[in-house]
Amino acid sequence: MAEPEKRIRGGRERWYARYYDPSGRRHSKAFDTKGEADRFLTTVKMSRITGSYGDPNRSRVTLGSWADNWLAAKAHLSPTTRNRYEGIIATHVRPRWGRVKLSDVTHAEVQRSITGLRLSPGSVRKVHRVLSMVLTR
Numbered sequence: 000m001a002e003p004e005k006r007i008r009g010g011r012e013r014w015y016a017r018y019y020d021p022s023g024r025r026h027s028k029a030f031d032t033k034g035e036a037d038r039f040l041t042t043v044k045m046s047r048i049t050g051s052y053g054d055p056n057r058s059r060v061t062l063g064s065w066a067d068n069w070l071a072a073k074a075h076l077s078p079t080t081r082n083r084y085e086g087i088i089a090t091h092v093r094p095r096w097g098r099v100k101l102s103d104v105t106h107a108e109v110q111r112s113i114t115g116l117r118l119s120p121g122s123v124r125k126v127h128r129v130l131s132m133v134l135t136r
């Protein structure tokens with residue numbers, strides 16, 4: 000992690016916290032004080048160490064649109080597998096999770112949702128597997 004960088008524009012002093020997310024993409028956030036920028040960078044660093052880092056951009060994306068993009072990117076799937084994934088997403092993922100923001104999806108809610116399915120154990124495993132693959136993209 001880098002130190003906050005001070006910039007003065009139009010007579011106003013701003014502190015920029017620049018950091019890289021786990022995938023290597025660079026981000027920047029502006030603050031009024033160096034202390035605020037330092038605290039933010041410390042929080043980002045600790046969340047990466049503990050594995051709890053969440054991409055801020057994910058807070059705007061719904062799981063339904065994420066699942067659609069995930070499936071569209073799967074060009075290597077056989078027609079049978081694609082049809083199965085589309086069916087699982089349309090029948091089990093989109094009705095429950097379609098409008099939920101990615102940042103609001105929790106492990107406990109996913110577990111509750113999967114446990115509540117009234118399907119055979121094999122079908123429950125398939126639904127869980129597809130949802131898991133979508134979320135780990």
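Just so you know, we're using numbering that gives the first Met the number 0 here: the sequence shown kicks off at 0 and counts up by one. For each residue, glycine too, the CB sits at the ideal point set by N, CA and C.
#1: Enumerate in chain order the residues of its own chain whose CB-to-CB distance from residue 59 is below 8 Å, with the five nearest sequence positions on each side excluded.
#2: Pick out whichever of 48, 49, 104 and 77 has its Cα sitting closest to the Cα of residue 65.
#3: Just mark residue 120 as buried or exposed, buried being the case when its beta carbon has 16 or more other beta carbons within 10 Å.
#4: Examine the Cβ distances between the stretch 27-45 and the stretch 71-89 and report whether three or more of them are shorter than 8 Å.
#5: Can you say whether residue 118 is buried or exposed, counting buried as having 16 or more other CB atoms within 10 angstroms of its CB?
#6: Let me know the alpha helix (DSSP H) ranges lying completely inside the stretch 57-104, each 4 residues or longer, listed in chain order.
#7: Do you know how far the Cα of residue 74 is from the Cα of residue 30?
#8: With a 10 Å radius around its C-beta and 16 neighbouring C-beta atoms as the bar for buried, classify residue 76 as buried or exposed.
#9: Between residue 78 and residue 47, which are expected to be in contact by the criterion C-beta below 8 Å, what is the C-beta distance as a whole number of angstroms?
Once the coordinates are examined:
#1: Same-chain partners within the cutoff: 100.
#2: Per the Cα distances, 104.
#3: With fewer than 16 Cβ atoms within 10 Å of its Cβ, residue 120 is classed as exposed.
#4: No: fewer than three Cβ pairs fall under 8 Å.
#5: Result: exposed.
#6: For the stretch 57-104, whole alpha helix (DSSP H) runs of length 4 or above, ordered along the chain, are 62-71, 78-87 and 93-96.
#7: Counting only the Cα atoms, residue 74 lies some 42 Å from residue 30.
#8: Note on residue 76: under 16 other CB atoms within 10 angstroms of its CB, so exposed under the neighbour-count rule.
#9: That pair is no contact at about 40 Å.
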